[in-house]
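Student:
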Amino acid sequence: MNILFVSSEVEDLAKTGGLADVAKALPVSFKKVGHDVRIVTPFYQTSNNVENAKDVLTGVELHAGEQTYKYNVKSVELHGVTIYLVDYPAYFDRKGIYSDGYEAYDDNGERYAFFSMAALHLAQLLEFKCDIIHCNDWHTGLIPYYLKKHWSDNAFLASAKTVLSVHNGAFQGVFHLDSVPFLAKSGVDHEDAHHGLVNYLKIAVKYATKIVAVSPSYAQELQTDLGSHHMGDYFRNRSADMLGIINGCDYSQWDPAHDPLIPSQYTVENMSGKAFCKANLQQQSHLPVDGDIPLIGMVCRITDQKGFGYLIPILENILHHNVQIVMIGTGDPNLVSQIQAISDKHRSKFYFLHDFSLKFSHLITAGSDFFLMPSLFEPCGLNQMYSLAYGTLPIVRAVGGLKDTVKDLEADPAEANGFVFNRPDSEELLNCVRKALLFYHEYPQTFEFIRKKAMQSKFNWHDSAMKYEALYRSIAP
1 MNILFVSSEV EDLAKTGGLA DVAKALPVSF KKVGHDVRIV TPFYQTSNNV ENAKDVLTGV
61 ELHAGEQTYK YNVKSVELHG VTIYLVDYPA YFDRKGIYSD GYEAYDDNGE RYAFFSMAAL
121 HLAQLLEFKC DIIHCNDWHT GLIPYYLKKH WSDNAFLASA KTVLSVHNGA FQGVFHLDSV
181 PFLAKSGVDH EDAHHGLVNY LKIAVKYATK IVAVSPSYAQ ELQTDLGSHH MGDYFRNRSA
241 DMLGIINGCD YSQWDPAHDP LIPSQYTVEN MSGKAFCKAN LQQQSHLPVD GDIPLIGMVC
301 RITDQKGFGY LIPILENILH HNVQIVMIGT GDPNLVSQIQ AISDKHRSKF YFLHDFSLKF
361 SHLITAGSDF FLMPSLFEPC GLNQMYSLAY GTLPIVRAVG GLKDTVKDLE ADPAEANGFV
421 FNRPDSEELL NCVRKALLFY HEYPQTFEFI RKKAMQSKFN WHDSAMKYEA LYRSIAP
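If you number the sequence shown the way UniProt numbering does, the last residue is 477 and the count never jumps.
As structure tokens, then:
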């Protein structure tokens, strides 16, 4: 099949989250099994690994209503996959991808409306006859709309089917229609614009051929009022065309047997290196070096989504136990200040690093006994997969991809690889953490058995890619 994969970010080029991981891993997997897959992404000022990018097209003109865009296209190769970079400096030659670090860019609606149109325009210019156009989140949400309304008679696009991956439905791309002049003048249907506002994700859900959530549980949650981010009716209307496919994990970067970022590698057959990593983590965190004290790690954005609303009120309750906590992350200044105050008060037990460090994140994943992810919602989640690979048992809420990848000790003893709680409240989270700590102290041999079992839990991109391939084949012309 000919697959055009369109994404606002791709790992190794530009990344802010899990979307970038998917935009690299899926196309690479498709290429390995023989499909002609091309990626289209913006050429950002911050793009990496583009020093040797080749000029493919220069001075291409794209007409959108009364607006004429003149843009260039570059290309790079990534693991055998061709990536086309849409080069339009007025939109993408900036210090940030979506924001200046504090505020989202005012013209994001127009930036990604143009990018979506340019991706289709590029397929036509390259004479790439698409079977599947794979869109990702709101940034590419107008592609299914454009295909239906404006490109339906194009020889290279007319038979193309669209697949929309919803990586995080909380981010929907809502803009004033007047902020995207050519979209306003194209005659957007009244049902696609409400009170002068246009929601790119809603439009994508309405017009895409198929919709994929990044885990089976998230696909179900998106069809509920509680988990749909106020889009329940839209997702329920498309329930027959929705499914969930869990993301894979890049074990080339997250494997304790070969990880160059941790002080000692280890395997499920020889776990001695994990104890060394724990001691090193305690030392770097200025905590007492003691292998018998259970250590809970966290690596995440400090936001309400990650469950801090019900974690912060019980942090001190957790710290009353014989435990250590190491956390790294950046985010909401109000939440950060509360966490920092608790860390300062319990400095001998709790180390908080308000920063991002890939190396320290790997060390936390390798050196901790437990990995805490009490998310309010989590479409897929990757950190729980990383922690499983490193024998660090996840403590998670039964939501989204966390529910699909972590099996609770009490609920499913035969398949257990972590600890799971249900309600998003402080009391249930505290009970779950206490249960994990008690298990650590009272059943050390069983703990080691489950730790090794966790390391054998694998979520390979190839398996995920084959599910996407089956979906593609079911709709391909």
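Positions of the beta carbon are idealized from the N, C-alpha and C atoms, including for glycine.
Thinking C-alpha only, which one of Asn-431, Ala-119, Met-455 and Leu-315 is nearest residue 527?
Tutor: Beyond the ends of the chain as shown, which are 1 and 477, falls residue 527; an answer cannot be given.
Student: Rounded to the nearest angstrom, what separates Ser-357 and Val-299 at their Cα positions?
Tutor: Counted from its first residue, the sequence shown places residue 357 at position 357. Counted from its first residue, the sequence shown places residue 299 at position 299. About 10 angstroms.
Student: Within a Cβ cutoff of 6 angstroms, which residues of the same chain sit near Val-166, ignoring the five residues on either side of it in sequence?
Tutor: Here residue 166 is taken as the residue at index 166 of the sequence shown, counted from 1. Ala-213, listed in sequence order.
Student: Looking at C-alpha atoms only, which residue of His-121, His-362 and Ile-302 is the closest neighbour of Ser-375?
Tutor: Here the question's residue 375 lines up with position 375 in the sequence shown. Ranking His-121, His-362 and Ile-302 by Cα distance to Ser-375 puts Ile-302 first.
Student: Give the C-beta separation of Phe-142 and Ser-116 to the nearest angstrom, bearing in mind that I take them to be a contact with Cβ-Cβ under 8 angstroms.
Tutor: Stepping through the sequence shown from its first residue, residue 142 is reached at position 142. Stepping through the sequence shown from its first residue, residue 116 is reached at position 116. Rather than Phe, the amino acid found at residue 142 in this sequence is Leu. At roughly 4 angstroms, the Cβ-Cβ gap stays under 8 angstroms, so Leu-142 and Ser-116 are in contact.
Student: For Gly-307, which three-state DSSP category applies?
Tutor: Within the sequence shown, residue 307 is the residue found at index 307, counting from 1. Here Gly-307 sits in coil by DSSP.
Student: Exposed or buried, Asp-344, counting other C-beta atoms within 10 Å across all chains shown (16 or more means buried)?
Tutor: As a first step, residue 344 is located in the sequence shown; it is residue number 344 there, counting from the start. With fewer than 16 other Cβ atoms within 10 Å, it is exposed.
Student: Span of the alpha helix (DSSP H) holding Thr-446?
Tutor: The residue labelled residue 446 in the question sits at position 446 within the sequence shown. Looking at the DSSP string, the run of the alpha helix (DSSP H) that includes Thr-446 is 444 to 455.
Student: Counting only runs of 4+ residues fully inside the UniProt domain "Glycosyl transferase family 1" (289 to 437), write out the alpha helix (DSSP H) ranges in chain order.
Tutor: 308 to 311, 315 to 319, 333 to 345, 358 to 367, 383 to 389 and 400 to 405, all fully within the UniProt domain "Glycosyl transferase family 1" (289 to 437).
Student: Hey, Ser-12 and Asn-48 are a contact pair by Cβ (cut 8 angstroms); roughly how many whole angstroms apart?
Tutor: What you label residue 12 is simply residue 12 of the sequence shown in a count that begins at 1. What you label residue 48 is simply residue 48 of the sequence shown in a count that begins at 1. Inspection of the sequence shows that residue 12 is occupied by Asp rather than by Ser. About 7 angstroms; that satisfies the 8 angstroms criterion.
Student: Hey, would you say the C-beta of Leu-85 is under 7 angstroms away from at least one heavy atom of the ligand FAD?
Tutor: Absence of the ligand FAD from the depicted structure is noted, as is the absence of any ligand whatsoever, leaving it without description.
Student: Output the distance between the C-alpha atoms of Ala-240 and Gly-232, rounded to the nearest integer angstrom.
Tutor: As a working mapping, residue 240 is identified with position 240 in the sequence shown. As a working mapping, residue 232 is identified with position 232 in the sequence shown. Going by the C-alpha atoms only, they are around 14 angstroms apart.
Student: Would Thr-16 and Ile-97 qualify as a contact pair, given that the criterion is a beta-carbon distance under 8 angstroms?
Tutor: Taking the first residue of the sequence shown as position 1, residue 16 is located at position 16. Taking the first residue of the sequence shown as position 1, residue 97 is located at position 97. Result yes, Cβ atoms of Thr-16 and Ile-97 sit closer than 8 angstroms.
Student: With a 10 Å radius around its C-beta and 16 neighbouring C-beta atoms as the bar for buried, classify Gly-34 as buried or exposed.
Tutor: Indexing the sequence shown from 1 puts residue 34 at position 34. Exposed, by the Cβ-count rule.
Student: Which residue's Cα is closest to the Cα of residue 493: His-321, Phe-350 and Pro-313?
Tutor: What the structure shows of the chain is the stretch from 1 to 477, and residue 493 is not part of that stretch, so it cannot be assessed.
Student: Using three-state DSSP, classify Asp-107 as helix, strand or coil.
Tutor: As a working note, residue 107 is residue 107 in the sequence shown. Three-state result, Asp-107: coil.
Student: Exposed or buried, which one is Lys-407 when buried takes at least 16 other CB atoms within 10 Å?
Tutor: Against the sequence shown, residue 407 aligns to sequence position 407. Counting Cβ neighbours within 10 Å, Lys-407 comes out buried, since at least 16 surround it.
Student: Here's a check: name, in chain order, each residue in its chain whose Cβ is nearer than 6 angstroms to the Cβ of Glu-221, leaving out the five neighbours to either side.
Tutor: Translated into positions along the sequence shown, residue 221 becomes position 221. If we look at Glu-221 and ignore the five residues flanking it on each side, its Cβ neighbours are Gly-227.
Student: Which residues in the same chain have their Cβ closer than 8 angstroms to the Cβ of Lys-467, if we skip the five residues on either side of it in sequence?
Tutor: As a position in the sequence shown, residue 467 is number 467, starting the count at 1. Answer for Lys-467: Ile-245, listed in chain order.
Student: Please classify Val-433 as buried or exposed, where buried requires at least 16 neighbouring CB atoms within 10 angstroms.
Tutor: By 1-based counting over the sequence shown, the position of residue 433 is 433. It counts as buried.
Student: Taking DSSP as the reference, what is the three-state secondary structure of Gly-34?
Tutor: Numbered from 1 along the sequence shown, position 34 holds the residue referred to as residue 34. If DSSP states are grouped into helix, strand and coil, Gly-34 belongs with coil.
Student: If we count Cβ pairs, one from each stretch, closer than 8 angstroms, do we get three or more for the region 60 to 77 versus the region 174 to 183?
Tutor: Contact holds: three or more Cβ-Cβ distances are below 8 angstroms.
Student: According to the neighbour-count rule (16 or more other Cβ atoms, all chains shown, within 10 Å of its Cβ), is Ala-155 buried or exposed?
Tutor: Position 155 of the sequence shown holds residue 155. The residue is exposed, with fewer than 16 neighbouring Cβ atoms inside 10 Å.
Student: So does the region 129 to 144 actually touch the region 71 to 89, counting three or more Cβ pairs closer than 8 angstroms?
Tutor: Cβ pair count under 8 angstroms is below three, so no.
Student: Hey, out of Asn-168, Leu-261 and Ala-414, whose CA is closest to Asp-229's CA?
Tutor: As a working note, residue 229 is residue 229 in the sequence shown. Here the sequence assigns His to residue 229, which means Asp is not the residue at that position. When each option's Cα is compared against that of His-229, the closest is Asn-168.
Student: Once you ignore the five residues that flank Val-28 on each side, which residues in its own chain have a CB closer than 8 angstroms to its CB?
Tutor: Locating residue 28 in the sequence shown gives position 28, counting from the first residue. Correct list, in chain order: Leu-78, His-79, Gly-80, Val-81 and Trp-461.
Student: Would you decide whether Thr-392 is buried or exposed? Buried here means 16 or more other CB atoms lie within 10 Å of its CB.
Tutor: As a first step, residue 392 is located in the sequence shown; it is residue number 392 there, counting from the start. Flag for Thr-392 reads buried.
Student: Between which residues of its own chain and His-346 is the CB-CB distance below 8 angstroms, once the five residues before and five after are set aside?
Tutor: To locate residue 346, count along the sequence shown from 1; it is residue 346. Once the five neighbours on either side are set aside, the close Cβ partners of His-346 are Glu-316 and Leu-319.
Student: Three or more beta-carbon pairs under 8 angstroms between the region 271 to 285 and the region 251 to 263, yes or no?
Tutor: Segments in contact, yes.
Student: At what residues does the alpha helix (DSSP H) containing Lys-70 begin and finish?
Tutor: Sequence index remark: in the sequence shown, residue 70 carries index 70 (1-based). First-last for Lys-70: 67 to 78, but that is the beta strand (DSSP E), not the alpha helix (DSSP H).
Student: Look at Leu-177 and Leu-197 and say whether their C-beta atoms are less than 8 angstroms apart.
Tutor: If you number the sequence shown from 1, residue 177 lands on position 177. If you number the sequence shown from 1, residue 197 lands on position 197. It is a contact, given that the beta carbons lie within the stated cut-off.
Student: What's the gap between the Cα of Gln-340 and the Cα of Phe-352?
Tutor: Here residue 340 refers to the residue found at position 340 when the sequence shown is read from its first residue. Here residue 352 refers to the residue found at position 352 when the sequence shown is read from its first residue. Distance between the alpha carbons of Gln-340 and Phe-352 is about 7 angstroms.
Student: Leaving out five residues on either side along the sequence, give the residues of the same chain with a beta carbon under 7 angstroms from the beta carbon of Ile-211.
Tutor: Taking the sequence shown and counting its residues from 1, the one referred to as residue 211 is at position 211. Answer for Ile-211: Leu-164, Val-166, Val-205, Arg-238, Asp-241 and Met-242, listed in chain order.
Student: Within this structure, are the beta carbons of Thr-224 and Ser-8 separated by less than 8 angstroms?
Tutor: Translated into the one-based positions of the sequence shown, residue 224 becomes position 224. Translated into the one-based positions of the sequence shown, residue 8 becomes position 8. Not in contact: Thr-224 and Ser-8 (Cβ atoms no closer than 8 angstroms).
Student: Where Ala-411 and Tyr-386 are concerned, what is the direct C-alpha to C-alpha distance, given to the nearest angstrom?
Tutor: Along the sequence shown, one-based indexing puts residue 411 at 411. Along the sequence shown, one-based indexing puts residue 386 at 386. C-alpha separation (whole angstroms): 22 angstroms.
Student: Taking C-beta to C-beta, are Ser-99 and Tyr-91 nearer than 8 angstroms?
Tutor: Residue numbering aside, residue 99 sits at position 99 when the sequence shown is read from its first letter. Residue numbering aside, residue 91 sits at position 91 when the sequence shown is read from its first letter. Cβ distance not < 8 angstroms, so Ser-99 and Tyr-91 don't count as in contact.
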